[in-house]
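A.B. asks: Sequences listed follow chains A and B, in order. Numbering-wise, the numbering used here puts 186 at position 183 of the first sequence, and it's gapless, one number per residue. Numbering-wise, the numbering used here puts 164 at position 159 of the second sequence, and it's gapless, one number per residue. Each residue gets a CB set at the ideal place from its N, CA and C atoms; glycine is no exception.
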Amino acid sequence: MRILDRPSLPAAPDPASAMIDARRAHLGILVAFLAPALLVYAGFTLYPVIRTFYNAFHTIRPQGVVEFVGLDNFATLLFADPTFWKAVANTAWFTIVATTVDVIGGLLLALCLFARAPLAPLLRVVWFTPVLMSYVVVGIIWVWMYDYDWGLANAALRWLGLSAFEQSWLGHPSTALWSVLVAHEWKWLGFNMIVFLAALHALPGEVLGAAELDNCGWFAKLVYIIAPMLRTTIVNLLVLSFIGKMMVFDLIWVMTGGGPLWSTETVSTYVYKRAFEWNTFDLGYPSAIAVLWFVIILAFVAIVMRVLRQRDRLEF
Amino acid sequence: MHACFATRYVAAVGLVAFAVLLGAVPKASAEDVTIEVWSHEADEPAKVAFRELAVKNFEKSHPGTKVKITWYEKNPLGAALKTALPAGKGPDVFYVEPDQTEYITAGYIVPLDDLVNWNNIEPWARKVWTHNGKTYGIPQEAYTVELYYNKDLLKKLGVALPPNAQFTQAQFLDLVKKARAAGMTPISQGVGDRPYPGAYITVEALLRKLGPDDYQKLFTGKLSFADPRVVEVLKWVKELADAGAYPKNFMTLKLGESHYYFYSKPGALMLPMGSFYTGRAFVPEDKGGQPQTFPLGIMQFPAMDRGACNECKTSTIGASFAINAASKQKKLAGEFLDAMSTPAMGKMWIETVYLQTGIKADVKNFSGPYAAYFTELMERQKGEKYFIGQPRDMVTGECKDAFAQVVNSGFPGGLLSVDQTVQMMNKACFKA
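1. Applying a beta-carbon distance threshold of less than 8 Å, which residues of chain B neighbour Lys-276/A?
2. Only counting the same chain, and skipping five residues up and downstream in sequence, which positions put a Cβ closer than 8 Å to that of Trp-162/A?
3. Return the first residue and the last residue of the alpha helix (DSSP H) that Ala-59/B is part of.
4. When you compare the CB positions of Ile-2/B and Asp-97/B, do they come within less than 8 Å of one another, or not?
5. As a quick exercise: from Glu-403/B, Ser-422/B, Asp-424/B and Thr-357/B, pick the residue whose alpha carbon is nearest that of Lys-52/B.
6. Quick one: list the residues of chain B neighbouring Leu-173/A, beta-carbon separation under 7 Å, in chain order.
7. Beta carbon of Tyr-154/B, beta carbon of Leu-274/B: below 8 Å?
8. Taking only beta carbons into account, state which residues of the segment 73-106 of chain A come closer than 7 Å to chain B, listed in chain order.
9. Could you please tell me which residues of the segment 153-186 of chain B, in chain order, have their CB closer than 9 Å to any CB of chain A?
10. Mark Ser-137/A as exposed unless 16 or more other C-beta atoms lie within 10 angstroms of its C-beta, in which case mark it buried.
11. Which residues share a DSSP beta bridge with Glu-41/B?
12. Starting from Asn-157/A, follow the alpha helix (DSSP H) in both directions and report where the run begins and ends.
13. DSSP three-state label for Thr-272/A, please.
14. Taking all protein chains shown into account, do 16 or more other C-beta atoms lie within 10 angstroms of the C-beta of Trp-265/A, making it buried, or fewer, making it exposed?
15. List the residues of chain A whose Cβ lies closer than 9 Å to the Cβ of Pro-91/B, in chain order.
16. When you check each C-beta in the segment 43-59 of chain A against every C-beta of chain B, which residues fall closer than 7 Å?
17. Check distances from the C-beta atoms of the segment 91-114 of chain B to those of chain A and list, in chain order, the residues that come in under 8 Å.
18. Per DSSP, which residues does Met-275/B bridge with? Please list them.
19. Within the continuous alpha helix (DSSP H) that includes Cys-314/B, where are the two ends?
20. Kindly indicate the opening and closing residues of the alpha helix (DSSP H) around Ser-182/A.
21. Closer than 8 Å by beta-carbon distance: list the chain B residues that pair up with Asp-152/A, in chain order.
22. Considering Tyr-141/B, what are the terminal residues of the alpha helix (DSSP H) in which it resides?
23. With respect to the beta strand (DSSP E) encompassing Val-98/B, which residues constitute its N-terminal and C-terminal limits?
24. On the three-pair Cβ rule with 8 Å, is the segment 135-150 of chain A touching the segment 249-259 of chain A?
25. If the criterion is Cβ atoms closer than 8 Å, does the pair Pro-191/B and Ala-250/B meet it?
26. List the whole-angstrom C-beta distance separating Ile-126/B from Ser-346/B, where the pair is believed to meet the contact cut-off of C-beta under 8 Å.
27. Please classify Glu-209/A as buried or exposed, where buried requires at least 16 other C-beta atoms within 10 Å of its C-beta.
28. Given that Ala-84/B touches chain A, what residues does it touch there, using C-beta distances under 7 Å?
29. Would you list the one or two residues that DSSP bridges to Lys-390/B?
30. So what does His-136/B bridge to, in DSSP terms?
31. Check whether the segment 216-236 of chain B and the segment 114-130 of chain A touch, using three or more Cβ-Cβ pairs below 8 Å as the test.
32. Name, please, each residue of chain B whose Cβ falls closer than 7 Å to the Cβ of Leu-264/A.
33. Near Asn-80/B, which residues of its chain fall below 7 Å by C-beta distance, leaving aside the five closest residues on each side in sequence?
34. From the beta carbon of Met-4/A, is the nearest beta carbon of chain B less than 8 Å away?
35. How is Val-115/B classed by DSSP in three states: helix, strand or coil?
36. Residue range of the alpha helix (DSSP H) that Thr-88/B falls in?
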């Protein structure tokens with residue numbers, strides 16, 4: 004038997020490599036290396052979360068005076084705060100529509116590039132560029148685009164002879180949320196497109212090739228072959244998108260500030276207003292909103308995962 | 006031996022990294038004293054120059070002391086203060102406006118009665134910051150709410166300003182209709198980034214109709230918005246809005262943009278605005294300022310039919326400064342506030358910011374390119390009865406939010422009827 008065929012025996016631990024292997028490292032070394040990251044995590048993530056839960060059950064008065072109020076904040080929130088429910092409705096609507104468009108739109112754009120449509124390299128850059136821009140910049144650009152007098156949207160309508168459809172897009176409750184949603188999609192579709200494109204390129208070529216040999220039409224290929232193989236990616240993007248939309252703040256804050264007449268108020272903008280714009284230092288009530296919303300998001304994510312889960316492992 | 010060394014070496018590196026992360030930073034030397042100031046209005050060059058000159062003067066008269074101003078936009082400044090102050094942190098001195106009374110009730114700013122020289126401050130301006138017999142802010146900027154207009158456009162419409170510069174409410178409505186018929190935007194105004202400009206016409210009309218006492222009661226929850234006089238005013242404002250008084254982009258037009266809209270593109274007949282208008286308008290034209298030849302005029306807000314106080318006018322304090330209760334250098338901070346409030350600085354404020362001030366300043370004759378403006382502004386103050394403060398100084402919480410969404414935006418924007426406005430404001434503000 005040649006020496007290479009011998010079953011390998013566990014090698015004697017080399018002291019130098021033991022130091023590098025975290026599983027065998029000395030406790031002191033582990034602590035020294037982990038402590039900074041753990042401290043940062045504890046200080047900037049764990050403590051704020053715990054403190055928010057604590058605040059939710061208290062009224063925070065100035066000078067550090069804290070008064071325990073039990074479930075009062077939650078009772079007010081649920082039964083005596085119509086603005087909160089308006090914000091919940093807006094957020095839910097925004098989340099459902101934007102998540103659906105994000106995933107379906109991203110997939111369609113990716114398929115377009117995957118099929119090597121004309122100008123595909125250029126389109127990939129054009130579609131992805133908005134992802135690199137900050138929400139503030141995107142918000143300002145779209146506020147200009149929607150401006151009644153000099154905005155691109157109304158200018159295009161005028162040019163097409165459709166002046167009757169001119170709108171104050173962000174100034175009317177019936178169009179404001181939709182207008183913000185369009186801006187949001189303009190920014191985010193490119194991200195989903197890139198993720199889907201990467202997943203499409205990772206699909207086994209022999210399966211797709213076999214489908215083509217079997218004269219499988221493009222729609223059947225999409226529905227019966229590509230979509231099932233992209234299931235994990237779709238579920239991951241759905242969950243990520245859902246969480247992001249439930250917490251939407253920046254774009255709405257820049258474009259409408261929650262107006263007109265609370266028609267674009269979301270839970271996040273409402274929390275901010277209650278915390279910083281109501282001439283009060285009480286962080287108890289806004290914390291209660293944040294906690295309740297956290298629980299709702301968690302519950303929805305759990306439900307989505309349960310419904311869509313097979314043997315896939317979600318990665319987020 | 007080798008492994009042992011390596012272990013110690015790695016542990017040492019880890020500990021050093023840990024120590025750096027914990028913030029082992031060099032300490033300032035004992036003699037360095039720095040006054041931290043957080044200020045708004047970085048976008049107004051004259052105010053920046055004014056405050057930086059005060060810093061220079063103060064540092065010259067206080068060797069070894071430095072003043073560091075950090076410039077913020079208004080909303081981020083408020084958010085930063087609301088997290089810093091409860092934690093016992095924040096700057097020594099910060100920008101504040103009179104509607105931010107929560108700092109006083111919370112005890113986060115100290116009374117300035119014994120910390121600054123009040124001989125240099127106008128008593129009426131000090132009064133704005135006086136709560137329960139104590140004064141909490143140095144009033145730097147004062148302003149009145151004015152109705153600016155374009156003299157040439159008014160002439161073009163064939164309308165002459167009455168001798169007292171005040172139209173009746175019917176004449177004003179006619180003026181708006183005439184302007185719209187002539188293809189002009191009657192009133193440049195926008196609520197894109199502020200919770201108050203859209204309310205100017207409504208609240209000034211309410212002040213004149215109700216008189217100061219009932220006006221105050223209305224915004225402190227003691228008078229119903231269903232009061233017949235209030236409803237009468239709202240109906241008149243509704244007529245204005247329906248006649249197309251405001252620009253179509255009213256909801257998204259920002260404060261600075263509404264100024265530009267008025268004096269440049271596309272141009273408008275009138276602009277209701279605090280006299281702080283000059284801060285942005287009286288800068289060189291290539292920096293977005295008003296053209297030198299712009300025919301700027303000032304008229305009084307219209308007189309209301311059976312108005313209780315048609316000679317009433319809103320005057321208030323804007324930019325002010327307060328001292329953080331957690332500051333360890335309150336005396337020095339007070340001396341810095343004094344350095345910003347000398348009569349010479351007051352004079353400089355008027356001559357360079359082109360705006361009223363709460364600082365006593367001996368400026369009798371105006372000169373320079375804006376002398377005519379100041380003469381007209383002073384003319385419009387003659388015989389007026391001042392109501393000190395604005396609704397946004399009086400409302401808090403839910404009422405403040407409703408004021409911003411309803412009176413400031415939804416109602417003048419034509420989204421709400423009078424009945425809806427009354428109902429929404431009463432629900433949020435009226436404490437029967």
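C.D. replies: To lay it out plainly:
1. Asp-406
2. none
3. 50-66
4. Residue 2/B lies beyond the stretch modelled for chain B, which goes from 6 to 437, so this question has no answer here.
5. Thr-357/B
6. Met-256 and Thr-257
7. yes
8. none
9. none
10. exposed
11. Lys-73/B
12. 155-162
13. helix
14. buried
15. Ile-63, Pro-65, Gln-66, Gly-67, Phe-284 and Leu-286
16. none
17. Pro-91, Asp-104, Gln-105, Thr-106, Glu-107, Thr-110, Ala-111, Gly-112 and Tyr-113
18. Tyr-154/B and Ile-192/B
19. Here Cys-314/B belongs to no alpha helix (DSSP H), and DSSP marks it neither H nor E.
20. 176-204
21. Pro-252, Lys-253, Asn-254 and Pro-271
22. Tyr-141/B -> no alpha helix (DSSP H), and no H or E assigned at all.
23. 98-101
24. yes
25. yes
26. 6 Å
27. exposed
28. Phe-279
29. Cys-317/B
30. Lys-139/B
31. no
32. Gln-410, Gly-415 and Leu-420
33. none
34. Low confidence applies to Met-4/A: its pLDDT is 40, below 50, so where it sits in the model is not reliable, and the reading given next is rough at best. It does not: the Cβ of Met-4/A has no partner Cβ on chain B nearer than 8 Å.
35. coil
36. 79-89
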